[in-house]
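Residue numbers (the numbering used here): 929 to 1228.
Each residue gets a CB set at the ideal place from its N, CA and C atoms; glycine is no exception.
Report on the following structure.
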Amino acid sequence: MAAAARQTSPSVTRRQDHWCGDFVAMASPCQILSKSDRATARKQLEQAAAEAGRVEAKYSRYRRGNIVDRINSANGSPVLLDEETANLIDFAATLHRLSDGRFDITSGVLREVWIFDGSDRVPEEGQVRAVLERVGWPKAVWESPVLTLAPGMQIDFGGIGKEYAVDRAAALAASLSDAPCLVNFGGDIAAVGAVSGGPWRVGIEALGAGSGEAFKRIRLQQGGLATSGDARRFLLKNGVRYSHLLNPQTGWPVVDAPRSVTVAAHTCTQAGMLSTLAMLMGADAEEFLERQGVRSWCIR
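Here's what the structure looks like:
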């Protein structure tokens, strides 16, 4: 999760049959669509923006003094975690197990040698091997609520933090009104509220980010939607495209992964988990998603 931007108080505007409010958080455009009354929609927007800011401040790897910074700078000492953070660690550990080690919250240190800026600066084998020595969830000691990392190791909640924030914001919106409401943080989405209000129409962005074209338009009435892909973060060298999605066991980009995977599930967190795991499965992404029994869309 990227550092938060300073912003003004958000407001809502009327669009057809719903109210719409926008703000920026987690380096993403964020939006609340609500079919409630204006005052409630404004309150939903304010609470969503506040919750996004809270989650970002607490879990961004760019912030100094937060829990992630304390863990990453502990230099081998144990760190006592609060209940919310312990639950996220448990979730990450479950994803590590379900993915046979492909999902690993300690792999963020690989960004020291991999900078996905669209250039051709692919790191040397030796550089990757040196950093890879500090990667591996099994090297951590997790005895909830105490986490101990070896010196030089780090954790990064970037793979699950935004989806978690979406579900938190959606829960807050639902607590204020049972009218339909959609929370959208940079394409990670949750829809809550009465099903009688009719579905929201959501577009899945086509390859060639920023074109404004949709690969697919779907109807979402309840639940979450999340997309994982490499449309914006990649390297290109000698005609070979290197995805930003790294295999923590090799330190190199996942081979034969789809360009984009979108999943619809009960929650945004679940959808994000499945879309990320599918990308990490590489050539087996579609087979993995078929086994999960969820609606999904892959672009290759």
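Grouping DSSP H, G and I as helix and E and B as strand, with all else coil, what is Q959?
Your numbering for residue 959 matches position 31 in the sequence shown. Strand at Q959.
Pick from T1013, V1059, G1064, E1053: whose alpha carbon is nearest that of I1033?
Here residue 1033 corresponds to residue number 105 of the sequence shown, with the count starting at 1. When only C-alpha atoms are compared, the closest one is G1064.
Measuring only the C-alpha atoms, how far is E1012 from A976?
Within the sequence shown, the letter at position 84 stands for residue 1012. Within the sequence shown, the letter at position 48 stands for residue 976. Here the alpha carbons of A976 and E1012 stand approximately 18 Å from one another.
Do G1152 and Q1220 come within 8 Å of each other at the CB atom, strictly closer than that value?
Counting from one through the sequence shown, the residue named residue 1220 turns up at place 292. Counting from one through the sequence shown, the residue named residue 1152 turns up at place 224. The answer is no: Cβ separation not under 8 Å.
Short check: CB of K963 to CB of L1104, under 8 Å?
Within the sequence shown, residue 963 is the residue found at index 35, counting from 1. Within the sequence shown, residue 1104 is the residue found at index 176, counting from 1. With contacts defined as CB atoms closer than 8 Å, K963 and L1104 fail to qualify as a contacting pair.
Alpha-carbon to alpha-carbon, G1179 and R1169
Taking the first residue of the sequence shown as 1, we reach residue 1169 at position 241. Taking the first residue of the sequence shown as 1, we reach residue 1179 at position 251. Taking the straight line from one Cα to the other gives about 16 Å.
What are the partner residues of H946, as DSSP defines its beta bridges?
Position 18 of the sequence shown, counting from 1, holds the residue named residue 946. The bridge partners DSSP lists for H946 are R943.
Can you list, in chain order, the residues of its chain with a C-beta nearer than 6 Å to that of L961? Leave out the 5 residues immediately preceding and following it.
Stepping through the sequence shown from its first residue, residue 961 is reached at position 33. Once the five neighbours on either side are set aside, the close Cβ partners of L961 are H946, C948, L1110.
Alpha carbon to alpha carbon, how far is L1060 from A1102? Give it in angstroms, no decimals.
Along the sequence shown, one-based indexing puts residue 1102 at 174. Along the sequence shown, one-based indexing puts residue 1060 at 132. Rounded to whole angstroms, A1102 to L1060 spans 43 Å at the Cα level.
Can you tell me whether DSSP reads E1061 as helix, strand or coil?
For the purposes of this step, residue 1061 is taken as residue 133 along the sequence shown, with counting starting at 1. Here E1061 sits in coil by DSSP.
Taking DSSP's pairing of strands, which residues face F1085 in a bridge?
Translated into positions along the sequence shown, residue 1085 becomes position 157. As far as DSSP is concerned, F1085 takes part in no beta bridge.
Cutoff 8 Å; reference A1213; Cβ partners in own chain excluding five residues on either side
As a first step, residue 1213 is located in the sequence shown; it is residue number 285 there, counting from the start. Short of 8 Å from the beta carbon of A1213, and not among the five residues preceding or following it, lie these beta carbons of its own chain, in chain order: A1185, P1186, V1189, A1206, M1207, C1226.
Using the DSSP secondary-structure output, state which residues sit across from T1155 in a beta bridge.
Locating residue 1155 in the sequence shown gives position 227, counting from the first residue. T1155 pairs with T1190.
Is any beta-carbon of chain B found at less than 8 Å from that of V952?
Judged by its chain identifiers, the structure shown contains no chain B, having just a single protein chain.
What do you get for V940, buried or exposed, if any count of 16 or more other CB atoms within 10 angstroms of its CB means buried?
Here residue 940 corresponds to residue number 12 of the sequence shown, with the count starting at 1. Counting Cβ neighbours within 10 Å, V940 comes out buried, since at least 16 surround it.
Comparing C-alpha positions only, which one of K1067, F1143, A1159, S1047 sits nearest to G1167?
Locating residue 1167 in the sequence shown gives position 239, counting from the first residue. G1167 has its Cα closest to that of S1047, out of K1067, F1143, A1159, S1047.
When you compare the segment 993-1002 with the segment 1050-1060, are there three or more beta-carbon pairs, one atom per stretch, that lie closer than 8 Å?
The segment 993-1002, when compared against the segment 1050-1060, does not touch it at the 8 Å Cβ threshold.
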